[in-house]
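Data block below; observations after.
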Amino acid sequence: MSRYIVRKANGLSGTVKISGSKNSALPIIAASILAEGETVLSNVPRLTDIENMCGIIRCLGGKCEWSGDKLFISFKKPKSYIVPYEIVTKFRASFLLLAPMLIRIGKVQIPLPGGCPIGARPVDLHLKGLSSLGAKFTQDHGFVEGKCRKLTGTKIYLDFPSVGATENIMIASVMAEGETIIENAATEPEISDLADFLNKMGGKIQGAGTDRIVIEGVKKLNSVRHKIIPDRIEAGTYLTAGVMCKSDITVENIIPEHIKPVIAKFSEMGIEIIENENSVRVIAPSKIRHTDIKTLPFPGFPTDMQSQFTALMSVAEGTSLIVETVFENRFLHIPELSRMGAKIKVDGRTAIVDGTKSLTGAKVKAGDLRGGASLVLAGLVAQGETEIDCIEHIERGYENFGEKLRSLGADIIKIQ
Ligand code: EPZ
67 MSRYIVRKAN
77 GLSGTVKISG
87 SKNSALPIIA
97 ASILAEGETV
107 LSNVPRLTDI
117 ENMCGIIRCL
127 GGKCEWSGDK
137 LFISFKKPKS
147 YIVPYEIVTK
157 FRASFLLLAP
167 MLIRIGKVQI
177 PLPGGCPIGA
187 RPVDLHLKGL
197 SSLGAKFTQD
207 HGFVEGKCRK
217 LTGTKIYLDF
227 PSVGATENIM
237 IASVMAEGET
247 IIENAATEPE
257 ISDLADFLNK
267 MGGKIQGAGT
277 DRIVIEGVKK
287 LNSVRHKIIP
297 DRIEAGTYLT
307 AGVMCKSDIT
317 VENIIPEHIK
327 PVIAKFSEMG
337 IEIIENENSV
347 RVIAPSKIRH
357 TDIKTLPFPG
367 FPTDMQSQFT
377 ALMSVAEGTS
387 LIVETVFENR
397 FLHIPELSRM
407 GAKIKVDGRT
417 AIVDGTKSLT
427 GAKVKAGDLR
437 GGASLVLAGL
447 VAQGETEIDC
457 IEHIERGYEN
467 FGEKLRSLGA
477 DIIKIQ
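Oh and the sequence shown: position 391 is 457 in the numbering used here, straight run, nothing missing.
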């Protein structure tokens, strides 16, 4: 197991370039198999989750090859319809292949992703949506087997604006016969990026980014070139690191609009924000005011920033209330932060954080991707040395995490 050793930073400074969005690249790579030619994706982050998605596509008979940050994908002749169990268990987003495989191959056998550290992660909305388009599913022995001869457009209401379910349904509808309307759809920027990609391929999708998406089915999709949008959560993570270290840092190659809820919270806390077209700079005061957080689907405060803000509130002035409404178990980082001296009480999906003057370094363990990142951030301000174990969780979602933090002046090294 690799681990990070982090020592208290004497402030951070400078600019960090943000990579492409993991959560946009994953559904777009999956959807690439709908085209026969060569899809060229740029600004793709080099992450284990991305490698895993490429690995599955190779198992199914496709090609995924890197050149720099460009990914070349072609899927001429499927050779399998079975997604390997051993990959799915450690990589839930593989479920995004459900719709592309149903369309391209006509059948799919994919393990139920099962839970993960942050919650049960059911896929009922995915299956319900695709079934209403005409797909037939059976579930047994932990696998979902799906078949479809033809998909027919229909009206689908999502009980919850699930990101993944919206993506699978949108992909399935793009080549269904007739019109599909998705009501109560997720509105995250990654949904819009996927719709832009599918429309470039020849799809007819309107309303992506709103809670009502209308898709007119088409017969064929062509392979295209596409640049992945920047990773708004990576950007929010580095900005939070800068604020925790009471520093002046800039993140660039981003779309400020995508981190509006995070910027709004920083402003509430008395932090100076300077926004430009593709960069955001934070200039933090020596005292950071607390604020309250309630995670919600976009454009609410993102659940993927909750752990980082819990660490930030641990060293803010005053008491903060953090409510996690999206996932049922996304406080794994809190017992670890408490070992570093954070004063946090948890009651169900609510955490009450009493800001403290300083934290102390300790041996801690990453339990999930964003929780792991929050422990690194805490290590930047804790007295002494912090050792974070199980950092493979973190490397799933942050490209060159240690290098980028060091470029801002952080004292962090990776030990194999
Ligand atoms: C995506 O996960 C992201 N992952 C997550 O990012 C992110 O936290 C989440 O959206 C919410 O924004 C990727 O895009 C690869 P959901 P997803 O379906 O699609 C319930 C990260 O850190 N639900 O919107 O799985 C579910 O249990 C990761 O980068 C159902 O009940 O999220 C959860 O409570 C973590 N039935 C809620 O919806 C379903 O069929 C949100 O899930 C599907 C979901």
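Virtual Cβ for every residue (Gly too), placed ideally from N, Cα, C. Model, not experiment: these values are computed from the prediction.
Residue environment, residue i, which counts as buried when at least 16 other CB atoms sit within 10 Å
{"i": "MET67", "result": "exposed"}
{"i": "GLU402", "result": "buried"}
{"i": "GLU469", "result": "exposed"}
{"i": "PHE226", "result": "exposed"}
{"i": "PRO179", "result": "buried"}
{"i": "GLY336", "result": "exposed"}
{"i": "THR306", "result": "buried"}
{"i": "GLU323", "result": "exposed"}
{"i": "ARG472", "result": "exposed"}
{"i": "ILE481", "result": "exposed"}
{"i": "ARG170", "result": "buried"}
{"i": "THR204", "result": "exposed"}
{"i": "ASN89", "result": "buried"}
{"i": "HIS292", "result": "buried"}
{"i": "GLY308", "result": "buried"}
{"i": "SER352", "result": "exposed"}
{"i": "LYS431", "result": "buried"}
{"i": "GLY384", "result": "exposed"}
{"i": "ALA485", "result": "For residue 485 there is no data in the structure shown, the boundaries of the chain being 67 and 482."}
{"i": "ILE479", "result": "exposed"}
{"i": "ARG69", "result": "buried"}
{"i": "ASP115", "result": "buried"}
{"i": "LYS74", "result": "buried"}
{"i": "GLU338", "result": "exposed"}
{"i": "GLU131", "result": "exposed"}
Beta carbon of residue i nearer than 9 Å to that of residue j
{"i": "PHE157", "j": "SER98", "result": "no"}
{"i": "HIS399", "j": "ALA382", "result": "no"}
{"i": "ASP277", "j": "ALA261", "result": "no"}
{"i": "GLY463", "j": "LEU113", "result": "yes"}
{"i": "SER85", "j": "ASN109", "result": "yes"}
{"i": "ILE359", "j": "ILE349", "result": "no"}
{"i": "LEU561", "j": "LEU378", "result": "Beyond the ends of the chain as shown, which are 67 and 482, falls residue 561; an answer cannot be given."}
{"i": "GLU453", "j": "LYS429", "result": "yes"}
{"i": "SER380", "j": "VAL419", "result": "yes"}
{"i": "ILE248", "j": "GLY195", "result": "yes"}
{"i": "MET241", "j": "THR303", "result": "no"}
{"i": "VAL392", "j": "THR361", "result": "yes"}
{"i": "GLY275", "j": "ILE257", "result": "yes"}
{"i": "ILE295", "j": "ILE321", "result": "yes"}
Minimum C-alpha distance to residue i - residue among the options
{"i": "PRO253", "options": "PRO111, LEU224, VAL381 and GLY208", "result": "Contrary to the premise, residue 253 reads as Thr rather than Pro in this sequence. Among PRO111, LEU224, VAL381 and GLY208, the Cα nearest to that of THR253 belongs to LEU224."}
{"i": "VAL280", "options": "PRO322, THR220, ALA231 and CYS130", "result": "THR220"}
{"i": "SER79", "options": "ILE481, GLU390, ILE418 and GLY475", "result": "GLY475"}
{"i": "LEU435", "options": "LEU387, THR369 and LYS360", "result": "THR369"}
{"i": "LEU193", "options": "HIS207, LEU362 and LEU163", "result": "LEU163"}
{"i": "THR218", "options": "GLY212, SER197 and ARG347", "result": "SER197"}
{"i": "ALA448", "options": "GLU338, ASP297, CYS311 and GLU394", "result": "CYS311"}
{"i": "ILE237", "options": "GLY269, ILE315, VAL210 and TYR151", "result": "GLY269"}
{"i": "ILE235", "options": "PHE209, PHE393, GLY366 and LEU264", "result": "LEU264"}
{"i": "TYR147", "options": "HIS207, CYS214 and GLY200", "result": "CYS214"}
{"i": "ASN344", "options": "ILE354, GLY366 and THR316", "result": "THR316"}
{"i": "LEU446", "options": "GLN374, GLU394 and GLY433", "result": "GLN374"}
{"i": "GLY208", "options": "LYS409, ILE257, PRO183 and TYR151", "result": "TYR151"}
{"i": "PRO365", "options": "ALA408, LYS331 and SER352", "result": "LYS331"}
{"i": "CYS456", "options": "ASP477, GLY433, ASN466 and PHE467", "result": "GLY433"}
{"i": "GLY407", "options": "LEU199, LEU441, ALA231 and VAL210", "result": "LEU441"}
{"i": "GLU243", "options": "LYS285, CYS130, GLU233 and ALA165", "result": "LYS285"}
{"i": "GLU390", "options": "ARG415, VAL72 and ASP206", "result": "ARG415"}
{"i": "GLN272", "options": "LYS173, VAL174 and GLU245", "result": "GLU245"}
{"i": "LEU191", "options": "GLY172, VAL174, ILE222 and ILE176", "result": "ILE222"}
{"i": "LEU425", "options": "VAL412, ALA417 and GLU451", "result": "GLU451"}
{"i": "GLU334", "options": "ILE354, ALA159 and GLU318", "result": "ILE354"}
{"i": "PRO363", "options": "VAL412, PHE397, GLY230 and GLU458", "result": "GLY230"}
{"i": "ASN395", "options": "SER404, ARG405 and ASP413", "result": "ASP413"}
Identified DSSP bridge partners for residue i
{"i": "THR81", "result": "THR316"}
{"i": "SER108", "result": "LYS293"}
{"i": "PHE393", "result": "PHE393 pairs with nothing; no bridge assigned."}
{"i": "ARG278", "result": "GLU249"}
{"i": "SER239", "result": "Answer is none; SER239 lacks a bridge partner."}
{"i": "PRO177", "result": "PHE209"}
{"i": "ALA97", "result": "Beta-bridge pairing links ALA97 to no other residue."}
{"i": "LYS129", "result": "SER140"}
{"i": "ILE460", "result": "Paired residues: none, contrary to the question."}
{"i": "GLU338", "result": "ILE349"}
Contact with chain C by residue i, beta-carbon distance below 9 Å
{"i": "SER380", "result": "Protein chains in the displayed structure number just one, and chain C is not present."}
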